[in-house]
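Asks: Residues in the sequence shown are numbered from 25 upward in steps of one, following the numbering used here.
Each residue gets a CB set at the ideal place from its N, CA and C atoms; glycine is no exception.
Owing to the predicted nature of the structure, the values given are computational and were not obtained by experimental measurement.
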Amino acid sequence: MARCLFVPDPRKPDAMFEIQPMNADTYRQQTRRSTVIIALIFLALAMAFSTAAVALFGEPLGDNLRFNVGGVFVAVLVMAVLMRKVFWQQEWMKPAVYSWQLKRSLMSVTNVMHHVTAAEAKGDPVAMKLLRFYHLGLNQMHQLDGNSSDHGQLIREMDRHEERMQALGIDIEQTRLDPAWLEAVKQVRG
25 MARCLFVPDP RKPDAMFEIQ PMNADTYRQQ TRRSTVIIAL IFLALAMAFS
75 TAAVALFGEP LGDNLRFNVG GVFVAVLVMA VLMRKVFWQQ EWMKPAVYSW
125 QLKRSLMSVT NVMHHVTAAE AKGDPVAMKL LRFYHLGLNQ MHQLDGNSSD
175 HGQLIREMDR HEERMQALGI DIEQTRLDPA WLEAVKQVRG
């Protein structure tokens, strides 16, 4: 059975994000396709709204720049609504939505990283799981984006952390981000 790539929004406190296996080449192909679709729709809307604004309110041989700019601004607003209400749920947008959710999840960990590293240094199991999720997510993000510049450093950190988790008997398969971990790690004191 195929696993769904559309996961809950990690900005919501009760949402639990899960890292899904994904082929990087397929991901890049699909996200390029969705980017082109969005760009073409935006261009068509911007041209249509600008043309309509000039036709309705413009002056023949006059300066109609403000109507053209107004049409583009309306197109931006319409695209924002379309993105959240229509496109976000479309099959062709799932890889881009997944990527956005992965990056949001990683950012939520980055925002408390000073707590995570301090608690992890003390051997706190929640912090260790959170750091493992962060490493796995960052590794996937680098692979999906084709970013290999810091990959060697990340792999070394991941390996050291994995060994430490195994020595403490903590499961290394931490593909889910539990929002409760973010709050719990803030509570760890020295």
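Does DSSP put E187 in a helix, a strand or coil?
Replies: Translated into the one-based positions of the sequence shown, residue 187 becomes position 163. The answer is helix: DSSP assigns E187 an H, G or I state.
Asks: Restricting to Cα atoms, I'd like to know which of R90, V110, T141 is closest to L206.
Replies: Against the sequence shown, residue 206 aligns to sequence position 182. Nearest of R90, V110, T141 to L206, Cα basis: T141.
Asks: Pick out whichever of R188, R108, S173, P84 has its Cα sitting closest to the Cα of M152.
Replies: The count along the sequence shown starts at 1 and reaches residue 152 at position 128. Nearest of R188, R108, S173, P84 to M152, Cα basis: R188.
Asks: Would you call K118 buried or exposed, if buried means 16 or more other Cβ atoms sit within 10 Å of its Cβ?
Replies: What you label residue 118 is simply residue 94 of the sequence shown in a count that begins at 1. K118 comes out buried.
Asks: Could you check which residue in R180, P149, Q167, H139 has the C-alpha nearest to that of A191?
Replies: Looking up residue 191 in the sequence shown gives position 167. If we check each option's Cα against that of A191, P149 comes out closest.
Asks: By DSSP, does L201 sit in helix, in strand, or in coil?
Replies: For the purposes of this step, residue 201 is taken as the residue at position 177 of the sequence shown. L201 falls in the strand class under three-state DSSP.
Asks: Quick one: what does DSSP say E42 is sitting in, helix, strand or coil?
Replies: Counted from its first residue, the sequence shown places residue 42 at position 18. Here E42 sits in strand by DSSP.
Asks: Label C28 either buried or exposed according to how many other C-beta atoms from any shown protein chain fall within 10 Å of its C-beta, with 16 as the threshold for buried.
Replies: Numbered from 1 along the sequence shown, position 4 holds the residue referred to as residue 28. Here C28 scores only 37 on pLDDT, less than 50, and its place in the model should not be relied on; the value that follows carries that caveat. That one is exposed.
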